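K.L.:
Next up is a structure, given as structure tokens.
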Amino acid sequence: MKVKQILRSGLLFLTPIALLLLGWEVVATLEIINPALVSRPSEIFPLLYELIMPKTRSFLGHSIFLDIYTSLYRLLYAFIIAVVSGVTLGMLMGRNKLVYRFFDPLITVLMPIPGIAWAPIFMLWLGFGDPTIITVGALAAFFPIVYNTAAGVRSVEKKLVWSARSMGADEKTIFLKVFLPWSAAYIFTGIKLALARGWRTIIAVEMIAASLFGLGFIIFDARDYLRPSIIYAGIIVLVVIYFLIENMIKLIEKRTIEKWGMVRS
Amino acid sequence: MTITRSQIIKPFYFVLPFLIVIGLWELAVDMGTVSSRLVPSPSLITLKFYRLMTPEPILLNVLYMSFYRLILGYALGVLIGVSLGILMGVSNLLYRVFSPILSLLISVPTLAWVPLLLVTLGPGEETVIIAIFLGSFFPIVYNTLNGIRSVSKHRVWAAHIMGADKATVFFEVLLPGSLVSIITGLRLAIGYSWRALVGAEMLAAGISAGVGQMIYAAKAFNDVEAMFAGLIIIAIGGLLLDRLLMDPIERKTVEKWGMVKER
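Quick note, the sequences are listed as chains A and B, same order.
Here my numbering is used: the first sequence runs in plain steps of one and ends on residue 1264.
Here my numbering is used: the second sequence runs in plain steps of one and ends on residue 277.
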């Protein structure tokens, strides 16, 4: 019964996509649009295979896994920097009114700036490659974390703190047993947003600040050689990776926040 | 209307941190702690703004071009996004056809489409406008769809029983019921569009003027002042779009009709 259900929902999900690919193939075969400019599924999927398993003289000269790896470690570094700095500042802002008043306006104004807009300045300071890409990615991911952490700490009910204190808890205990668990769900929301934002920003910045490797770099580079198939293949890889990251987060959320009963109502 | 004390104090508290940062920044650059070739002082950036306005108001042209693209792309996104969202919300068949495709495409970073657009449409206006469209389309269609589907079936049935035809059900039940969600989508989308605009203008080499283009062109000349000026415009522009445009729309429609969820 369960297998049947999974098959059914899988079929319902895949049929429209298969139809879309088929329609696309037909339109491309009719050559309504210049075939040098648009690709078609029957070219993209073999190419994707070749990108994964490169022959001796393939287009990229390396497996696309190297680009995936490069983009992912950039994301990881950026993410770690953003979490450490964002949670720290967010906690300080949540606990101290003066710190909050100082940083809140700055964050309000700086947060909407798209990550890629910072790229030229950081390229001037740090040059091409990893330092710029990771820094800009971290900057983009920092804002949602700090914003949500501060909101989470500020949402802690005063009564909880008072009762903990009246029962003799010291500041450290209050922080670890009251503030941290209470704001965990908020921090998690910030982290989710930050991962998505960091990922987007890193792909974008790779287009202008990367050299040789990275998913953003190869899809932007392919434009110069009029190879739309590579761009499509790259986009497919982006979709797959994002899908994996998203499900990983959901799993972590289920195992931690939900299990501990900290989901925001 | 009398001006209350908090109406003066609030903006003051908002501006104060900026004054402090700008003051320290100016001091650090002037004393030579930071090289002015890498970090221009606030006074130099102000001078840059002045130069962008005189003798010719280049800045106005830059803003005009960017907003023109933004409005075109966003309008396209609203038009197609709201229509498709409503159709998908009303028709089960359309929902089944489009939702798998949308759920895959929604995860593609908007700027990842840009190389593709550059190849097919060329490095001109079309690419930037379509990129803005793509940025705004997904949050709008997603929120419209969710809004319509979240309207309770009981209300629709109740309206049917009382003799309402399909059009009446749509305009009197479904649309008001999903308005909060639709406006949320529109609001998200304006931020997404702004971001897509800046990115696409940086990547499309063929456009003549624009905020993103200004920053990217400044890179070629190591013109840090222009980069910072561009960043300031982007920050203020994004904030104004959200606060001056979307805030009143939200207040005039959703809040006025009392449809915001109780908090």
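The beta-carbon is built from N, C-alpha and C at its ideal position, and this holds for glycine as well.
None of these values were measured; they are calculated from a predicted model.
(1) What residues in the segment 127-140 of chain B have a beta carbon less than 8 Å from any beta carbon of chain A?
(2) Using a Cβ cut-off of 9 Å (strictly closer), state whether Leu1075/A contacts chain B.
(3) Take every Cβ of the segment 114-122 of chain B, pair it with every Cβ of the segment 199-206 of chain B, and state whether three or more of those distances are shorter than 8 Å.
(4) I need the straight-line Cα distance from Ile1207/A to Met1122/A, nearest angstrom please.
(5) Compute the beta-carbon to beta-carbon distance between Leu245/B and Ala1116/A, rounded to the nearest angstrom, for a pair I have assumed lies under 8 Å.
(6) Given that Leu1097/A touches chain B, what residues does it touch there, using C-beta distances under 8 Å?
(7) Among Thr141/B, Pro69/B, Ser150/B, whose alpha-carbon lies nearest the alpha-carbon of Glu215/B?
(8) Taking Cβ positions only, does Phe242/B come closer than 9 Å to chain C?
(9) Is the Cβ of Met216/B closer than 9 Å to any Cβ of chain A?
(10) Evaluate Thr1255/A with the Cβ neighbour count: other Cβ atoms within 10 Å of its Cβ, from every protein chain shown; 16 or more gives buried, anything less gives exposed.
(11) Thinking C-beta only, is Leu132/B closer than 9 Å to Ala218/B?
(12) Between the Cα of Lys1249/A and the Cα atoms of Asn1147/A, Ala1184/A, Lys1157/A, Phe1141/A, which residue gives the shortest distance?
(13) Return the chain-ordered list of same chain residues with a C-beta closer than 8 Å to the C-beta of Val92/B, the five sequence neighbours on each side being excluded.
(14) Going along the chain, which residues of the segment 1113-1137 of chain A sit with their C-beta nearer than 9 Å to a C-beta in chain B?
(15) Is the segment 1167-1187 of chain A touching the segment 1022-1033 of chain A, taking contact as three or more C-beta pairs under 8 Å?
(16) Indicate whether at least one CB of chain B lies closer than 9 Å to the CB of Arg1222/A.
(17) Flag this pair as touching only if the segment 1091-1105 of chain A and the segment 18-31 of chain B have three or more C-beta atom pairs under 8 Å; answer yes or no.
(18) Quick one: measure Cβ to Cβ for Leu1011/A and Arg110/B, integer angstroms, because I've assumed they're closer than 8 Å.
(19) Are the C-beta atoms of Val187/B and some chain A residue less than 9 Å apart?
(20) Would you call the segment 1127-1146 of chain A and the segment 1072-1088 of chain A in contact, with 3 or more CB pairs under 8 Å?
(21) Is the Cβ of Val111/B closer than 9 Å to any Cβ of chain A?
(22) Using DSSP with H/G/I as helix, E/B as strand and the rest coil, what is Ala123/B?
(23) Could you pull out every residue in the same chain whose Cβ sits closer than 6 Å to the Cβ of Phe1216/A, ignoring the five residues on either side in sequence?
(24) By Cβ distance below 6 Å, which residues in the same chain neighbour Gly1085/A in space, the five residues on each side in sequence not counted?
(25) Report the neighbours of Ala1203/A on chain B: residues whose CB is nearer than 7 Å to its CB, in chain order.
(26) Return the chain-ordered list of same chain residues with a C-beta closer than 6 Å to the C-beta of Ile1218/A, the five sequence neighbours on each side being excluded.
(27) Within the segment 61-106 of chain B, note down every full beta strand (DSSP E) run reaching 3 residues or more, in order along the chain.
(28) Can you give me the start and stop residues for the alpha helix (DSSP H) that Pro949/A sits inside?
(29) Using the beta-carbon count (16 or more within 10 Å), is Lys275/B buried or exposed?
(30) Around the C-beta of Trp1198/A, are 16 or more other C-beta atoms found within 10 angstroms, so that it is buried, or is it exposed?
(31) Tell me which same chain residues have a C-beta within less than 8 Å of the C-beta of Val187/B, skipping the five on either side of it?
(32) DSSP state of Leu193/B, grouped into three classes?
(33) My output table needs one value for Asp237/B: the three-state DSSP class, helix, strand or coil.
(34) Look up Ile1032/A in the DSSP assignment and say whether it is helix, strand or coil.
(35) Buried or exposed: which applies to Pro1180/A, given that a residue is buried once 16 or more other Cβ atoms fall within 10 Å of its Cβ?
(36) To the nearest angstrom, how far is the alpha carbon of Lys1158/A from that of Arg1164/A?
P.N.:
With the given structure in hand:
(1) Per Cβ criterion, the list reads Trp127, Val128, Pro129, Leu130, Leu132, Val133, Thr134.
(2) Chain B has no Cβ within less than 9 Å of the Cβ of Leu1075/A.
(3) Counting Cβ pairs under 8 Å, fewer than three are found: no touch.
(4) One Cα belongs to Ile1207/A, the other to Met1122/A, and the distance between them is close to 9 Å.
(5) Correct: roughly 6 Å between the Cβ atoms.
(6) Result: empty, since nearest Cβ-Cβ is about 11 Å, beyond 8 Å.
(7) Of the candidates Thr141/B, Pro69/B, Ser150/B, the one whose C-alpha sits nearest the C-alpha of Glu215/B is Thr141/B.
(8) Going by chain labels, chain C is absent from the structure shown, which instead holds the protein chains A and B.
(9) Yes, contact with chain A.
(10) With fewer than 16 Cβ atoms within 10 Å of its Cβ, Thr1255/A is classed as exposed.
(11) Yes, the pair counts as a contact, with Cβ atoms nearer than the cut-off.
(12) Checking every option, the nearest Cα to that of Lys1249/A belongs to Ala1184/A.
(13) Excluding sequence neighbours, Val92/B sits near Ser150, Ile154, Leu200, Ala203.
(14) So the close ones are Pro1113, Gly1114, Ile1115, Ala1116, Trp1117, Ala1118, Pro1119, Ile1120, Met1122, Leu1123, Trp1124.
(15) With a cut-off of 8 Å, the segment 1022-1033 of chain A and the segment 1167-1187 of chain A do not count as touching, because too few Cβ pairs lie within range.
(16) The Cβ of Arg1222/A sits closer than 9 Å to at least one Cβ of chain B.
(17) With three or more CB-CB distances shorter than 8 Å, the segment 1091-1105 of chain A counts as touching the segment 18-31 of chain B.
(18) Contact flag correct, Cβ pair sits at about 6 Å.
(19) Val187/B does not count as touching chain A.
(20) Counting C-beta pairs closer than 8 Å gives three or more between the segment 1127-1146 of chain A and the segment 1072-1088 of chain A, which meets the contact rule.
(21) Yes, its Cβ sits closer than 9 Å to a Cβ of chain A.
(22) Contrary to the premise, residue 123/B reads as Pro rather than Ala in this sequence. Here Pro123/B sits in coil by DSSP.
(23) Listed in chain order, the non-local C-beta contacts of Phe1216/A below 6 Å within the same chain comprise Glu1205, Ala1209, local neighbours out to five positions each way being set aside.
(24) Sequence-distant partners of Gly1085/A (beyond 5 residues in either direction) whose C-beta falls short of 6 Å from its own C-beta, in its chain, are Phe1141, Ile1144, Val1145.
(25) Within chain B, the residues near Ala1203/A are Pro123, Leu125, Gly213.
(26) Setting aside the 5 residues that flank it on each side, Ile1218/A is surrounded in the same chain by Ile1230, Gly1233, each with a C-beta closer than 6 Å to its C-beta; the list follows chain order.
(27) If we require 3 residues or more, the segment 61-106 of chain B turns out to have no beta strand (DSSP E) run fully inside it.
(28) In the structure as shown, chain A begins at 1000 and stops at 1264. Residue 949/A is therefore absent and cannot be evaluated.
(29) Unreliable positioning characterises Lys275/B in this predicted model, as indicated by a pLDDT of 48, which lies under 50. The coordinate reading is nonetheless provided below. Residue burial is scored here from C-beta neighbours: Lys275/B has fewer than 16 other C-beta atoms within 10 angstroms and is therefore classed as exposed.
(30) Under the 10 Å beta carbon count, Trp1198/A is surrounded by 16 or more other beta carbons and is classified as buried.
(31) Closer than 8 Å at Cβ, skipping near neighbours: Val165, Arg169, Val170, Ala173, Ala178.
(32) Judged by DSSP in its simplified three-state form, Leu193/B adopts helix.
(33) DSSP, read as helix, strand or coil, puts Asp237/B in coil.
(34) Coil at Ile1032/A, not helix or strand.
(35) So Pro1180/A ends up on the exposed side.
(36) A straight-line Cα-Cα distance of about 10 Å links Lys1158/A and Arg1164/A.
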